[in-house]
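Report on one structure; see the data block that follows.
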Amino acid sequence: IFVTNRGKVLTHDARTGFDGKPINLLRFCTRNETENADGEPSYTLLGRWLESASLHEMPELFNVLKGDMSIVGPAIHASNREEITAYEKVADGYCIRHGLRPGLVGWAQIHGFGGELDTAEKIENRVKYDLEYVDRFSWIFDQRILAQTPFAWLRSKSPQYVV
4 IFVTNRGKVL THDARTGFDG KPINLLRFCT RNETENADGE PSYTLLGRWL ESASLHEMPE
64 LFNVLKGDMS IVGPAIHASN REEITAYEKV ADGYCIRHGL RPGLVGWAQI HGFGGELDTA
124 EKIENRVKYD LEYVDRFSWI FDQRILAQTP FAWLRSKSPQ YVV
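Those letters in the sequence shown? Residues 4 to 166, per the numbering used here, in order.
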């Protein structure tokens with residue numbers, strides 16, 4: 004990453020964490036600052052592979068060590084008020100998720116609702132599974148999610164949406 008991205012290894016992504024407090028989410032840099040012909044950011048030499056295997060999120064372990072995130076929890080929270088408002092319009096109870104630290108893996112990801120939320124159905128389903136996680140929150144339930152994560156990743160057509 005250091006060689007293919009001219010020295011820049013990590014990127015910070017502002018997100019909302021536990022109790023609505025801001026956190027800086029760490030990730031490996033996988034995209035160039037320049038855009039391709041479609042107006043999308045172009046990937047670095049390793050970037051597309053890192054994202055497809057969900058390895059670009061490995062630095063989030065530092066967020067876990069800092070206490071900003073948990074290994075298991077609801078999906079990472081939206082980053083700005085406009086996003087939160089859009090999600091609240093689609094899914095009742097969205098902000099209840101802020102009562103727990105976001106996790107690297109979660110109940111929604113196990114069921115295929117990780118990743119980008121580009122439709123109302125995806126938002127509703129992610130929030131539904133996240134709220135179910137909040138209701139069922141326990142050490143045993145976390146162990147179940149951890150045990151199911153590798154199988155969900157293997158069964159997924161888009162593994163980056165599991166972890």
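Idealized CB from N, CA, C, for every residue including glycine.
Here the C-alpha atom of residue 51 lies approximately 18 Å from the C-alpha atom of residue 157. Between residue 76 and residue 106, the C-beta spacing is below 7 Å. Remark: C-beta atoms of residue 126 and residue 148 do not approach each other more closely than 7 Å.
The continuous alpha helix (DSSP H) containing residue 55 extends over residues 50-55. With respect to residue 54, residue 33 sits close: the two C-beta atoms are nearer than 7 Å. Straight through space, the alpha carbons of residue 16 and residue 98 are spaced by roughly 20 Å. As the crow flies, the alpha-carbon of residue 104 is around 20 Å from that of residue 115.
Here the alpha carbon of residue 58 sits roughly 14 Å from the alpha carbon of residue 47. In this structure, the CA atom of residue 22 is about 38 Å from the CA atom of residue 41.
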